[in-house]
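Inspection log for the structure reproduced underneath, given as structure tokens.
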Amino acid sequence: KASDHLESLTLKGSLALYQKQFDQFEQVAQKVLQINPAYSRFYTQAGEALAKRYLFKEAVGMFQKALALNPQDAEAHAGLGTTLSRLAKLAPAKAELEKAFKLDPYNVWTGNLLSLFDSYVDYDTLRTAHFVIRLHKQDRPILGPYAAALAERAYAAMVPRYKVKLDLPVHIEIFPKHDDFAVRCFGLPGSQVFLGICFGPLVTMNSPRARPLGTFNWSETLWHEFAHVVHLTLTQNRVPRWLAEGISVYETTRANPAWAMNMQPAIIRAIQEDDLIPLAKLDRGFTGDPRRVTFSYYQASLMVQFIVQRYGFNTLLQLLDAFKHNQETPQAIKSTLGMNLKDFDKEFLRYLKKSFPYQQIDFGKKLAELVEDKKPSRLLLKKVLDQNPKLYFVQLRYAKSLIDDNEFEKAIPILEQALQRFPEFVGPDNPYKLLALSYLSIGDTSKAMQRLLQLIRRDGKNYQAAIQLAGLARNAGRPDLEQEALVTANQVYPYNLEIHRRLGEIFLQKQQAEEAVREFKVLLALNPMDKASAHCSLAEALLLAHKKKEANRHVLKALEIAPTYPRAQAILLKTVQ
Numbered sequence: 002k003a004s005d006h007l008e009s010l011t012l013k014g015s016l017a018l019y020q021k022q023f024d025q026f027e028q029v030a031q032k033v034l035q036i037n038p039a040y041s042r043f044y045t046q047a048g049e050a051l052a053k054r055y056l057f058k059e060a061v062g063m064f065q066k067a068l069a070l071n072p073q074d075a076e077a078h079a080g081l082g083t084t085l086s087r088l089a090k091l092a093p094a095k096a097e098l099e100k101a102f103k104l105d106p107y108n109v110w111t112g113n114l115l116s117l118f119d120s121y122v123d124y125d126t127l128r129t130a131h132f133v134i135r136l137h138k139q140d141r142p143i144l145g146p147y148a149a150a151l152a153e154r155a156y157a158a159m160v161p162r163y164k165v166k167l168d169l170p171v172h173i174e175i176f177p178k179h180d181d182f183a184v185r186c187f188g189l190p191g192s193q194v195f196l197g198i199c200f201g202p203l204v205t206m207n208s209p210r211a212r213p214l215g216t217f218n219w220s221e222t223l224w225h226e227f228a229h230v231v232h233l234t235l236t237q238n239r240v241p242r243w244l245a246e247g248i249s250v251y252e253t254t255r256a257n258p259a260w261a262m263n264m265q266p267a268i269i270r271a272i273q274e275d276d277l278i279p280l281a282k283l284d285r286g287f288t289g290d291p292r293r294v295t296f297s298y299y300q301a302s303l304m305v306q307f308i309v310q311r312y313g314f315n316t317l318l319q320l321l322d323a324f325k326h327n328q329e330t331p332q333a334i335k336s337t338l339g340m341n342l343k344d345f346d347k348e349f350l351r352y353l354k355k356s357f358p359y360q361q362i363d364f365g366k367k368l369a370e371l372v373e374d375k376k377p378s379r380l381l382l383k384k385v386l387d388q389n390p391k392l393y394f395v396q397l398r399y400a401k402s403l404i405d406d407n408e409f410e411k412a413i414p415i416l417e418q419a420l421q422r423f424p425e426f427v428g429p430d431n432p433y434k435l436l437a438l439s440y441l442s443i444g445d446t447s448k449a450m451q452r453l454l455q456l457i458r459r460d461g462k463n464y465q466a467a468i469q470l471a472g473l474a475r476n477a478g479r480p481d482l483e484q485e486a487l488v489t490a491n492q493v494y495p496y497n498l499e500i501h502r503r504l505g506e507i508f509l510q511k512q513q514a515e516e517a518v519r520e521f522k523v524l525l526a527l528n529p530m531d532k533a534s535a536h537c538s539l540a541e542a543l544l545l546a547h548k549k550k551e552a553n554r555h556v557l558k559a560l561e562i563a564p565t566y567p568r569a570q571a572i573l574l575k576t577v578q
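When we follow the numbering used here, the leftmost residue of the sequence shown carries the number 2, and every step to the right adds one.
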């Protein structure tokens, strides 16, 4: 009979798991085993279904049942190995994957994972109170100290607030090549849209070396992924995608406003055009139209912000608990907020309308819709702007046309007005960037620095603005501004020698010994041309930290390189006094 077909019964069992009909699954399982007591594929596919839903611990049990029926099931060995690796159980994971590869040497996913795990001989591990961090040996002395400190900061910021007990240690793996990261997560290279992935007890992410300079802030990614560890643990991996991503974006923005997504124009346009995604459909926004994926992250974070501000943080914890107990989104919203999804959407829209200046500003109309010329003249831009002063991007385009003609003093008041109207915009040709350029052009360095500082406090990925501000601040004798700018730049790209040299010097001036030691150690790890000077700087920092023996060792290294170096000789005397 068709109803007794093993493949159709397998599909029926996996579907029952997706629908959380566990009694139905057991009934189907009994029927399958009556037909064929050795049919392991039923449990193998069940394991895959659970793993796709991030229910890794439950998936392990299914793969083990499959292997109990058929120890030669290569697919079950591969599934078990992959799932164990996502639970950060690397040794048993490799053992299962090797068994799978012997049985099926043509499985690309298994082969890729085994090759990646073999490359771990080129990695080091760094242990902290709550984390084990695996980094490439070239990254460990440079990225390691910052990643370790940031991970512990994230732990201290979130674990007590969410009242969560984590399975420790949490594992973090940081990859210098994006394709290695992709293989770790998916078994195949590619998947360029992802910067980090969290499986629960395991976080995987790109190193700053894995991405083009200035395209992502590694600190933001680490914080975002650790937030996933928290809510996945609280819900036993049952949190829906909209709440998972919403909480992680909310927490990164809460930790540092410079890590915000800065998509206010998109949300204002959505309010104006009635184009918000209903909560009932929001989970699909993360896997559907690529143009809506990023927007879905941002809208979800605003929903979390709305819940916390309107109903309190404890309500968010109650919502997570509802998902832990297998409630779906409609039931969970009803039980915690006391409303259905349509009413939630209405309340959320009211909240957004109070929060965003959707009536005072217009992002919706593109310039091409207003003028036929591909390169409209300044006069035409002015005419369009006079007809509709709400057109924010036309206002910026008009100011840019003035700058292009070196009319900086005319551009400045227009840009200042744009900044006052909507300070949140930090995209291309934003008012901060154009104002800094304009103020520098008329010789007002102080105001240029002020605008650049405001920019990097809103956009933590803007490496060029941070480096520019650091240079201006140094020339102006403002070590406080220079330090903030360099710290921001370091969160994007920690492989710039000058960042660490200058931070070390600033910390020395401020008598912050431990911070100075860290920076000069990173400087040496980056192999500077003037190693003698770097060893001397580190020796001075170590002396400040009351570590004379270590200081002596480094100053002697400086003298090996440059035996007559007066600075080294002077420091040597201090180390033996």
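Each residue gets a CB set at the ideal place from its N, CA and C atoms; glycine is no exception.
Source: prediction; values computed, not measured.
Return the Cβ separation of residue i and residue j in integer angstroms, given the expectation that the two are a contact with Cβ distance under 8 Å.
i, j, result
"L321", "T236", "5 Å"
"K335", "N341", "6 Å"
"V250", "F324", "With 8 Å as the limit, V250 and F324 do not qualify as a contact, their Cβ atoms being about 18 Å apart."
"I457", "A467", "5 Å"
"F227", "V194", "With 8 Å as the limit, F227 and V194 do not qualify as a contact, their Cβ atoms being about 20 Å apart."
"I272", "L353", "6 Å"
"G461", "N257", "6 Å"
"L317", "V305", "7 Å"
"W224", "L151", "7 Å"
"Y298", "E246", "5 Å"
"N113", "L189", "7 Å"
What number of angstroms, rounded off, separates the C-alpha of residue i from the C-alpha of residue j?
i, j, result
"P142", "I175", "13 Å"
"G71", "N37", "Residue identity check: residue 71 is Asn in the sequence provided, not Gly. One C-alpha to the other measures close to 12 Å."
"K13", "L81", "21 Å"
"N463", "A67", "51 Å"
"P377", "Y107", "58 Å"
"D363", "L498", "43 Å"
"S356", "I308", "14 Å"
"V427", "A540", "41 Å"
"P202", "E99", "23 Å"
"K103", "A69", "18 Å"
"A77", "L16", "19 Å"
"W243", "L381", "44 Å"
"H131", "H6", "49 Å"
"I562", "D531", "9 Å"
"H536", "A157", "34 Å"
"Q388", "V395", "11 Å"
"Q359", "A101", "In the sequence under discussion, the amino acid at residue 359 is Tyr, which differs from the Gln named in the question. Cα to Cα, Y359 sits roughly 57 Å from A101."
"Q265", "S220", "22 Å"
"L283", "F23", "26 Å"
"T295", "P564", "57 Å"
"N207", "Y496", "15 Å"
"N431", "V171", "39 Å"
"L420", "Q455", "11 Å"
"Q1", "T489", "Given a span of 2 to 578 for the chain in the structure shown, any question on residue 1 remains unanswerable."
"R502", "F314", "42 Å"
"A542", "A552", "8 Å"
Along the chain, where does the alpha helix (DSSP H) containing residue i start, and where does it finish?
i, result
"P247", "Checking the sequence, you will find Gly at residue 247 rather than Pro. Residues 242-256."
"N595", "Beyond the ends of the chain as shown, which are 2 and 578, falls residue 595; an answer cannot be given."
"T111", "109-119"
"F102", "91-104"
"H229", "219-235"
"K448", "446-459"
"Y566", "Taken as a continuous stretch (DSSP letters only), Y566 belongs to no alpha helix (DSSP H), as it is neither H nor E."
"R270", "265-273"
"G428", "Careful: G428 lies outside any alpha helix (DSSP H) and carries neither H nor E."
"Q421", "409-422"
"A259", "Premise fails: A259 is in no alpha helix (DSSP H) and is neither H nor E."
"K462", "From DSSP, K462 is part of no alpha helix (DSSP H); its letter is neither H nor E."
What first and last residue would you give for the beta strand (DSSP E) that runs through residue i?
i, result
"D125", "124-128"
"R135", "132-137"
"A203", "In the sequence under discussion, the amino acid at residue 203 is Leu, which differs from the Ala named in the question. 203-207 is the extent of the beta strand (DSSP E) around L203."
"G197", "197-199"
Would you say residue i reaches chain D, if we count a Cβ-Cβ gap shorter than 8 Å as a contact?
i, result
"Q513", "Within the model displayed, chain D is absent; a lone protein chain is all it includes."
Practice item. Run through the stretch 475-537 for me and flag every whole alpha helix (DSSP H) of 4 or more residues, listed as ranges in chain order. Key: Counting whole runs of 4 or more residues, the stretch 475-537 contains the alpha helix (DSSP H) stretches 480-493, 498-510, 514-526.
**Study point:** Uninterrupted beta strand (DSSP E) stretches inside the stretch 15-74 (no shorter than 3 residues)
**Key:** Runs found: none.
Check your understanding: Is the stretch 517-535 touching the stretch 499-509 in the sense that three or more CB pairs, one from each, lie closer than 8 Å?
Key -> The stretch 499-509 is in contact with the stretch 517-535.
Check your understanding: Should the stretch 203-220 be called in touch with the stretch 169-189, which here means at least 3 C-beta pairs below 8 Å?
Key -> The stretch 203-220 makes contact with the stretch 169-189, as at least three CB pairs between them are under 8 Å.
Review point. Where are the alpha helix (DSSP H) runs, 4 residues long or more, that stay fully inside the stretch 312-394, in chain order?
Key: If we require 4 residues or more, the alpha helix (DSSP H) runs fully inside the stretch 312-394 come out as 314-325, 330-338, 342-356, 368-371, 379-388.
Check your understanding: Counting Cβ pairs, one atom from each stretch, are 3 or more of them under 8 Å apart for the stretch 183-193 and the stretch 134-151?
Key -> As far as the Cβ criterion goes, the stretch 183-193 does not touch the stretch 134-151, which means the pair count is below three.
Review point. When the Cβ atoms of the stretch 475-490 are set against those of the stretch 109-123, are three or more pairs found closer than 8 Å?
Key: Segments in contact, no.
Check your understanding: Which whole runs of the beta strand (DSSP E) in the stretch 161-195 are 3 residues long or more, in chain order?
Key -> Qualifying beta strand (DSSP E) stretches, in chain order: 171-176.
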